[in-house]
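**Q** The structure that follows is given in the form of structure tokens.
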Amino acid sequence: MKKVALSVLLAGSLAFGIAANDAEASTHKVKQGESLWTISQSTHVSVTNLKKWNNLKSDQIKPNQILKTSKASSSSSTAAKTGTYKTKHNVNIRTGAGTKYKIVTLAKKGTSVKVTGQKKVGKEVWYKVSVNGKNGWALSTLLTKGAVAKKSTSNVAFADKVVDQAMGLRGIPYRFGGTTINGFDCSGFVQYAFKKSGKSVPRDTLGQYAASTKVKNPKPGDLVFFQNTYRKGISHVGIYIGNNKFIHAGGKKSQVTSLSNSYWKSKFHSFKRL
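Its first residue numbered 1366, the sequence shown is counted upward by one per residue in my numbering.
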């Protein structure tokens, strides 16, 4: 009868047993009165795997015996990963390696995370992490070893300087060939604003066009070029200030103009960045 009962229990453990890569504990110390069946229930590891990983020839175990409850080396696990990483996005840190586990904390984008190990679950690799004083697991693809890409504060600060300088020149008369506050032409206006911001640029429109790089999504401080105004080809330049507007030396003075203006819209050529 005992053998029959044991067979039934063993079959039951195989039915509910969870794969080793879902087990959280790596070892288990046998307590008085415990059996492979009760340990299987508490660790969510099948009796078959407990016997296999611990080289057990029978179901007999002893108090204080240390049992492995996760596979030491298999296709479902990979070499330990360690080091400091950063989150590429807002990342949920979970109690276990998988989305089925509860969320311990949220690590916001750019947060430093200490990785102490890793586990492969199916086709995914999860990192064991320590963050914000808490421990848990995070999907590896949401972390990066390098610094999270951020806007260059120096570039942003420079662009702001250019726009501020240009806005301070509004109202100065237009003068063909002009490069001073006594009067500007379009390229002279751009050159002056950039020079006052700390950067030397070519004097004429074609030179500024050749020295810059085309961009699809303009940012304040980028250049906006126009064609076929007083001559064929690239013939006018201004500084983009955002909200579909640019500032330039055009008409009778230096001024802010909308890119929706029918004339300038028909002459628009491209946005470029120095």
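We put the beta carbon where it would ideally sit given N, CA and C, even for glycine.
1. Measure the alpha-carbon distance for residue 1508 versus residue 1409 and round it to whole angstroms.
2. To which residues of the same chain is residue 1540 closer than 6 Å at the C-beta, ignoring the five residues directly before and after it?
3. Distance, Cα to Cα, residue 1462 vs residue 1403?
4. When DSSP builds the beta bridges, which residues end up paired with residue 1481?
5. Hey, could you find the ends of the beta strand (DSSP E) residue 1572 is sitting in?
6. Sorted by chain position, which residues of the same chain lie with C-beta nearer than 6 Å to residue 1588's C-beta, five sequence neighbours on each side aside?
7. Using DSSP bridges, identify the partner residues of residue 1538.
8. Go ahead and label residue 1583 buried or exposed: buried means 16 or more other beta carbons lie within 10 angstroms of its beta carbon, across all protein chains shown.
9. If you follow the beta strand (DSSP E) that residue 1606 is part of, which residue opens it and which one closes it?
10. Whole-angstrom Cβ separation of residue 1554 and residue 1619, contact assumed at under 8 Å?
11. According to the neighbour-count rule (16 or more other Cβ atoms, all chains shown, within 10 Å of its Cβ), is residue 1433 buried or exposed?
12. Would you call residue 1521 buried or exposed, if buried means 16 or more other Cβ atoms sit within 10 Å of its Cβ?
13. Tell me the DSSP secondary structure of residue 1472 in three-state form.
14. What residue does the beta strand (DSSP E) around residue 1635 start on, and which one ends it?
15. Measure the alpha-carbon distance for residue 1335 versus residue 1608 and round it to whole angstroms.
16. Which word fits residue 1627, buried or exposed, when buried means at least 16 other C-beta atoms lie within 10 angstroms of its C-beta?
**A** Looking at the atomic coordinates:
1. 28 Å
2. Only 1548 meet the Cβ criterion.
3. 23 Å
4. Answer is none; residue 1481 lacks a bridge partner.
5. Membership of residue 1572 in any beta strand (DSSP E) is not indicated; the residue belongs instead to the alpha helix (DSSP H) covering 1570 to 1576.
6. Result list for residue 1588: 1577, 1602 and 1637, in chain order.
7. 1618
8. buried
9. For residue 1606, the enclosing beta strand (DSSP E) starts and ends at 1599 to 1607.
10. Here residue 1554 really is in contact with residue 1619; their C-beta atoms are around 6 Å apart, less than 8 Å.
11. buried
12. exposed
13. Residue state, collapsed to three classes: strand.
14. 1633 to 1638
15. Only positions 1366 to 1639 of the chain appear in the structure, and residue 1335 is not among them; the question remains open.
16. exposed
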